[in-house]
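This report refers to the structure that appears directly beneath it.
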Amino acid sequence: MAYLLFTIYDSVGQGLKDLKWKGNKMGEQHWKIKSIDPGIAREIGFHGSHWHTAHGGYFANSTIARPLISALKDAIAISSPAVVADLGAGTGFILSELRMHGQYPGVRLINVDISERQLEKGVDSRILSLHVSIDEITREVLDPGNRPLLFVMRSVLHYFGHKGLRPLLAYLRSQMKTGEFFVHQTICFEQECDAQRINLLFQRMRVNKWFPTVSELSTYLREEGWTVERISPAPNILATSQDLAERYQLGKKDIYRIRDEISQLYGEAPGMFVATPDGFYEYGHFKIFTCRAT
Ligand SMILES: C[S@@+](CC[C@H](N)C(=O)[O-])C[C@H]1O[C@@H](n2cnc3c(N)ncnc32)[C@H](O)[C@@H]1O
């Protein structure tokens, strides 16, 4: 297969990255960028073929995805985008599910992910894939025709950590035109103590992921130029300590130490954090935010 190497430029004319652009069997174009992001390096073993069974199969389950698909379909019906980009798409489950619910002729569907291993598992040849970090994506790269755009995202904002969240929301806003939709499903908590507990857990696992409260996330979105039109529920995710140990290469001693510290500090919290003889269960509470660029 032939590859073409070239450089794209941002709006002020600075070179961003060298991209590889390759044609697939259907003659469609896939963009690729060569970089390995430290943010995913530790969990790379969980990506690709393993992803559909991760966390009890959460990310490959049609019933679980239904509320997000429904919010996405509503946003598409209102705004009629020409381009729908799934940011941090993983193996591309969300856009594949969308296609089960409709054909969307003429709409350019694009999976964007920093993990090549995830993108390689995408099976639907009508969906393009772009191997690039979402904090470098530009609307011109997504669609040189600069047509109406919609962003969808599931379970990605936490990868940017506390410090990176607001800059990312601002950056994504800078790529959108007023009125365009950003529909995302994100782990966040009603109660401050529940967010604090999970953030301590990730700190102790030495993973730079951060989870806000619903109120914090709503404020950040508003302050970075998004109107939050609707917040709706989505199924919770269960992460067992066994999953987390495998995902982040933790030993039994780490797990016991973390379980004991969290239990002592916060006590039992059914439906949030439960200590078990082997470790613990941690529950992530998802919400779907339907946002529009203000
Ligand atoms: C928890 S998974 C969710 C995957 C997919 N959205 C789904 O719901 O099945 C998070 C995904 O975000 C991707 N990701 C993390 N940081 C990223 C970044 N900076 N740019 C693009 N993708 C990123 C990871 O590679 C991973 O595939």
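Just so we're aligned, residue 36 is where the sequence shown starts under the numbering used here, counting upward by one.
Virtual Cβ for every residue (Gly too), placed ideally from N, Cα, C.
- Cβ-Cβ distances below 7 Å link Y93 to I99 and I272 in the same chain, with the five nearest sequence neighbours on each side left out; the list follows chain order.
- The beta carbon of K244 is closer than 8 Å to those of H193, Y194, G196 and F237 in its chain, skipping five residues each way along the sequence.
- Taking the C-beta atoms as reference points, D121 is found nearer than 8 Å to V147.
- In terms of side-chain proximity, the C-beta atom of G123 is found nearer than 7 Å to a non-hydrogen atom of ligand 1.
- Under DSSP, W261 shares a beta bridge with A328.
- For the 8 Å CB-CB criterion, V191 and G91 do not form a contact.
- Contact check for D159 against R189 fails: the beta carbons are separated by 8 Å or more.
- Shortest Cα-Cα distance from T262 to any of L204, E171, G306 and Y291 involves L204.
- Secondary structure remark: continuous beta strand (DSSP E) runs of at least 3 residues inside the segment 175 to 263, in chain order: 184 to 189 and 216 to 222.
- Proximity of the beta carbon of H82 to ligand 1 is indicated: a heavy atom of the ligand is located closer than 7 Å.
- Proximity to V119 across L200, F216 and R294 peaks at F216, based on C-alpha coordinates.
- Just measuring C-alpha positions, the residue of K288, A274 and G319 sitting nearest I222 is G319.
- Scanning its chain for C-beta atoms nearer than 6 Å, with the 5 sequence neighbours on each side dropped, one finds around F186 the residues A120, L122 and F217, in chain order.
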